[in-house]
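*Asks:* Provided herewith is a single structure, encoded as structure tokens, for subsequent inquiry.
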Amino acid sequence: MTTPRSVALERLAYTLAAPVLAVAPNLYPDSPVSSVVQVAGAAGIGGIFLAAKSDETGAGRKILRWTPLVLAAAVDVAAGNTGGFGPYGLDGLLAAGWAAAGSFVLPFSRHTRRRHRPALAAPAPQPAPAQAVEPTVAQPEDGADQLTREARMLWERAGMPARTHVVKATRHTAMRHDLTLLLRASETGRPITGLSPEIVGAAFGVSAADVTLKDVAIQPGRQGGPGWMEALITPEANARRRTKPTDQERWIDRVAGPKGGAPGSELVHTTRDDERGVTFYRAKMTDSTESPRVDLPKVCRALGLPEDDSCVFVLIDGSEFLISAFDTPPLSAIFPATRELLTPDAKGMYVCGFTITGQPVKTMVYQHDKNAAAHGLILGVSRSGKTQFFAINMAAQSLGGQVVWLSTVRKDEKTTVLGKYIDRQGSNALWMARSLRAAKALCEIRAEMPWPHDGQPHDYKPGDPRCPYRQLNVYGDEFMTAAQDADFGEFIQKDGEDLTVTGLKYGVGFYPAGQSPFAHNGFSTEMKDNLRQNSRPVIFNMGSPGATRKAAEGTMENAYDVPTIPARYSRSEGSAIERAMRGEADPENGVSTGGVAVIVLDNGRAVLMRSLYADFDTDLSNLFPDEVNRLTDYEISELEKRGLWFDWNEPVRPGEFWPEPDEDDEGEGRSRRRCGKGGSGRGSKGGSRRSEQVASPRQALEAIKSLTDA
């Protein structure tokens with residue numbers, strides 16, 4: 063075996079350099095030889111570091127290639143730091159060891175090539191000439207990269223699905239297995255048909271769920287259209303998406319789908335407000351012409367939020383909507399009423415409450431744009447906050463210089479307290495009937511009441527200092543119950559309906575309150591339409607979310623999404639299923655929703671708010687003006703002429719509402735009550751005068767004759 067020339071030369075170099083390494087540092091410590099050796103050693107260290115850090119193959123050969131330079135520098139440093147040639151001639155021994163190791167390992171001659179040079183005596187094997195690969199339809203000679211060629215091989219093995227060809231394969235950034243295939247039809251001018259995610263997944267050995275097919279847009283320099291298609295193969299990205307999805311991915315997968323909580327929508331952004339403890343999800347419809355259809359419980363389950371009506375709310379604005387997820391119920395806070403909030407502005411608007419986002423909600427004491435008074439419709443079950451809203455509404459009207467009358471079916475503490483700060487207050491159906499009748503007559507009086515600047519009567523103009531009278535607001539609490547009263551219900555319902563139609567132009571507003579806005583409970587269609595068009599209806603808890611939505615929709619022109627008011631605000635704690643399995647009681651951590659209401663704004667949109675709180679246990683004088691606003695002397699005198707101004711708590715006066723009964727032939731009274739002017743008889747509604755006990759067959763017969771007018 064003949065030694066290669068490069069090996070012989072390298073061994074000679076090691077043999078000649080070894081004495082220099084041993085002698086030079088001892089004879090000439092600052093000689094250029096030491097500097098050159100140390101610089102070469104530093105270069106060797108850098109080369110070893112780069113070779114170890116690289117991911118390419120052959121790192122070991124590169125490290126061995128730089129090792130002699132590093133060892134030479136080490137020998138030079140050791141020789142320079144020892145006295146003389148060191149104990150036992152250590153410098154010479156180190157240099158000789160370095161030369162022997164270099165001559166044996168031979169890094170430059172043996173490791174600069176992948177394969178060792180064969181011995182000269184052995185005949186060099188001649189490799190067989192490789193057969194040239196002929197270009198095919200699946201593997202054209204177009205200079206494609208290795209990834210594209212491998213993809214074409216898999217595609218050809220699958221039988222060229224859908225008669226398509228792989229134009230290019232592109233690997234996704236930082237992904238080993240995710241790639242995008244650009245496909246085109248094999249025949250020019252033919253559209254791609256019959257290609258499915260299952261076919262592509264079978265060709266590349268992935269799940270069909272990890273394949274997405276997309277159309278190719280026409281770009282400069284590249285065709286597009288039905289003859290082209292993109293196939294996204296993303297097994298790695300989908301694995302991460304299933305375990306750790308982003309907000310955008312979670313919204314696309316679980317919310318925006320056809321069966322999701324907001325189909326056809328897309329998430330714009332997610333915002334967290336740590337100070338207020340709320341996370342906002344702002345979204346919009348992909349098609350801006352569509353209206354959002356939000357199923358809030360579904361959205362909560364998809365986003366991993368608690369299904370809690372008291373903490374999660376949705377606000378819809380055109381094609382956009384906002385989902386607010388609070389840490390604690392935002393409407394459980396109390397917003398005290400103040401005179402500053404209740405004082406109406408130049409347009410008759412004042413703050414009546416705050417929404418979940420802390421925005422102030424305003425309502426009106428008169429209609430500035432219509433140049434008229436305002437009506438009001440206040441609905442809710444007992445203890446829902448109606449009387450509290452009465453207080454702040456009456457205070458705002460009084461601060462605006464208006465007159466207030468309040469009538470209720472039954473006496474209670476709060477209405478009695480309010481009676482100290484308003485013009486008149488009473489607590490029975492008779493009092494309500496008299497107040498409505500007087501307000502209706504007041505419209506006739508004001509229609510003929512001359513204005514001082516020209517001596518002519520005019521319609522009411524809110525805010526006009528020339529107006530000779532103040533706006534009157536007539537409240538009817540539990541109007542539904544009063545309208546069904548046996549004696550005075552017909553008068554209350556008829557006069558209330560007339561007042562809603564004719565009162566606005568004469569500065570008279572009607573504010574009925576009750577538990578139903580429907581015709582069979584006292585609200586005729588005409589009356590409800592006038593109240594809806596000339597007020598901002600306020601609906602408190604109606605006993606159930608369904609009843610609240612129905613009542614709110616009954617006051618709106620169009621059935622928009624109505625917020626839900628639960629019976630109590632309570633956070634969901636733990637799992638109800640686990641508590642049931644352990645036999646534990648559910649936590650009792652509810653907070654009353656009294657004062658929380660749905661207010662219908664002018665554009666028909668229903669907004670959830672918490673009304674301002676007026677504490678009846680304290681003095682309310684700080685909310686009301688110092689002096690009570692009352693009717694003018696002229697109006698009172700005109701009402702007295704009509705016999706309508708007196709103490710309305712008095713018993714029914716003879717002939718006040720219906721003619722006195724006539725004596726029949728047998729000397730027994732029979733009621734001939736008539737309602738209103740030229741009105742129809744009261745029919746089967748019996749009054750208090752028919753409440754005698756039937757003790758004999760004759761009395762029963764007379765009672766039947768009286769009822770049937772026989």
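Letter 521 of the sequence shown, counting from 1, is numbered 583 in the working numbering, and no numbers are missing.
Yeah, the Cβ is synthetic: ideal placement off N, Cα and C, and Gly gets one too.
What's the C-alpha gap between P297 and A265?
*Replies:* The straight-line gap from Cα to Cα measures roughly 14 Å.
*Asks:* Please classify A70: is it buried, with 16 or more other beta-carbons within 10 angstroms of its beta-carbon, or exposed?
*Replies:* Exposed is the call here.
*Asks:* Express the C-alpha separation of T305 and K448 in angstroms, rounding to a whole number.
*Replies:* Their Cα atoms are separated by approximately 50 Å.
*Asks:* Based on Cα-Cα distance, which residue from D485, Q450, M494 and A453 lies nearest to V471?
*Replies:* Residue M494 is the option with its Cα nearest to V471.
*Asks:* May I have the straight-line CA-CA distance separating S497 from I314, to the nearest angstrom?
*Replies:* C-alpha separation (whole angstroms): 60 Å.
*Asks:* For a cutoff of 8 Å on Cβ pairs, would you count K360 as touching chain C?
*Replies:* Of the protein chains in this structure there is only one, and it is not chain C.
*Asks:* Measuring CB to CB, does A135 end up less than 8 Å from A102?
*Replies:* Result yes, Cβ atoms of A135 and A102 sit closer than 8 Å.
*Asks:* Have a look at A799 and S444 and give me their C-alpha separation to the nearest angstrom.
*Replies:* Because residue 799 is not part of the residues shown, which for the chain are 63 to 772, the question remains open.
*Asks:* Where do the N-terminal and C-terminal ends of the beta strand (DSSP E) with Y573 fall, by residue?
*Replies:* Looking at the DSSP string, the run of the beta strand (DSSP E) that includes Y573 is V570 to G576.
*Asks:* Would you call the stretch 596-608 and the stretch 427-443 touching, i.e. three or more CB-CB distances under 8 Å?
*Replies:* Enough Cβ pairs lie closer than 8 Å, so yes.
*Asks:* Among A224, R233 and R225, which one has its Cα closest to the Cα of D207?
*Replies:* Answer by Cα proximity: R233.
*Asks:* Quick one: grab the DSSP three-state call for E510.
*Replies:* Three-state result, E510: coil.
*Asks:* Buried or exposed for H437, please, with buried defined as at least 16 other CB atoms from any protein chain shown within 10 angstroms of its CB.
*Replies:* It is buried - the Cβ of H437 has at least 16 other Cβ atoms within 10 Å.
*Asks:* Between L329 and A500, is the Cβ-Cβ spacing less than 8 Å?
*Replies:* Contact: no.
*Asks:* Near Q487, what residues of its chain come up, given a Cβ to Cβ distance below 6 Å and the 5 sequence neighbours on each side ignored?
*Replies:* Same-chain partners within the cutoff: L468 and G481.
*Asks:* What's the call for M291, buried or exposed, on a 16-neighbour Cβ count within 10 Å?
*Replies:* Buried, because 16 or more other Cβ atoms sit within 10 Å of the Cβ of M291.
*Asks:* Give the straight-line distance between the Cα atoms of G525 and A676, rounded to the nearest whole angstrom.
*Replies:* Using only the alpha carbons, I get a separation of about 27 Å.
*Asks:* If we ignore side chains and look at the alpha-carbon of each, how far apart do L670 and T332 end up?
*Replies:* One C-alpha to the other measures close to 22 Å.
*Asks:* Is it buried or exposed for R672, if we count other Cβ within 10 angstroms and need 16 for buried?
*Replies:* Buried, by the Cβ-count rule.
*Asks:* Using 8 Å as the threshold, is the C-beta distance between L393 and V374 below it?
*Replies:* Result no, Cβ atoms of L393 and V374 do not sit closer than 8 Å.
*Asks:* Helix, strand or coil for E588? Go by DSSP, reduced to three states.
*Replies:* Here E588 sits in helix by DSSP.
*Asks:* Assuming P392 is part of the alpha helix (DSSP H), what are its boundary residues?
*Replies:* Looking at the DSSP string, P392 is not in any alpha helix (DSSP H), and its letter there is neither H nor E.
*Asks:* What residues in its chain sit with their C-beta under 6 Å from that of T341, if we drop five residues either side in the sequence?
*Replies:* So the qualifying residues of the chain are R334 and A387.
*Asks:* Buried or exposed: A181, going by 16 or more other Cβ atoms within 10 Å of its Cβ?
*Replies:* Unreliable positioning characterises A181 in this predicted model, as indicated by a pLDDT of 47, which lies under 50. The coordinate reading is nonetheless provided below. Classification of A181: exposed, given that the 10 Å Cβ count is below 16.
*Asks:* Identify whether V356 lies in helix, strand or coil by the three-state DSSP scheme.
*Replies:* Coil, per DSSP.
*Asks:* Of all the beta strand (DSSP E) runs that stay within the bounds of the stretch 192-270, which reach a length of 3 or more residues?
*Replies:* Listed in chain order, the complete beta strand (DSSP E) runs (minimum 3 residues) inside the stretch 192-270 are 226-233 and 241-247.
*Asks:* Provide the residue(s) that pair with V335 in DSSP beta bridges, ordered along the chain.
*Replies:* Just to set this straight, residue 335 is Asp in the shown sequence, not Val. D335 pairs with V340.
*Asks:* Looking only at C-alpha atoms, which of T226, S258, S699 and K230 sits nearest to S248?
*Replies:* Answer by Cα proximity: T226.
*Asks:* Determine the DSSP secondary structure at Q562, reduced to helix, strand or coil.
*Replies:* Position check: residue 562 holds Thr in this sequence, whereas Gln was assumed. Note: T562 maps to helix in three-state DSSP.
*Asks:* Note the first and the last residue of the continuous alpha helix (DSSP H) segment covering P94.
*Replies:* Element bounds for P94: P94 to K115.
*Asks:* Thinking C-beta only, is L404 closer than 8 Å to A457?
*Replies:* The answer is yes: Cβ separation under 8 Å.
*Asks:* Taking only three categories from DSSP, how would you classify D679?
*Replies:* Reduced to three states, the DSSP call for D679 is coil.
*Asks:* Quick one, which of L294, K476, T242 and A668 has its alpha-carbon nearest T680's?
*Replies:* When each option's Cα is compared against that of T680, the closest is K476.
*Asks:* If you drop the 5 nearest sequence neighbours on each side, which residues of the same chain put their C-beta closer than 8 Å to that of V690?
*Replies:* Cβ neighbours of V690 beyond the five flanking positions: S460, Y483, I484 and D485.
*Asks:* Please classify D379: is it buried, with 16 or more other beta-carbons within 10 angstroms of its beta-carbon, or exposed?
*Replies:* Exposed: under 16 other Cβ atoms inside 10 Å.
*Asks:* In the structure shown, what three-state DSSP assignment does S68 receive?
*Replies:* Three-state result, S68: helix.
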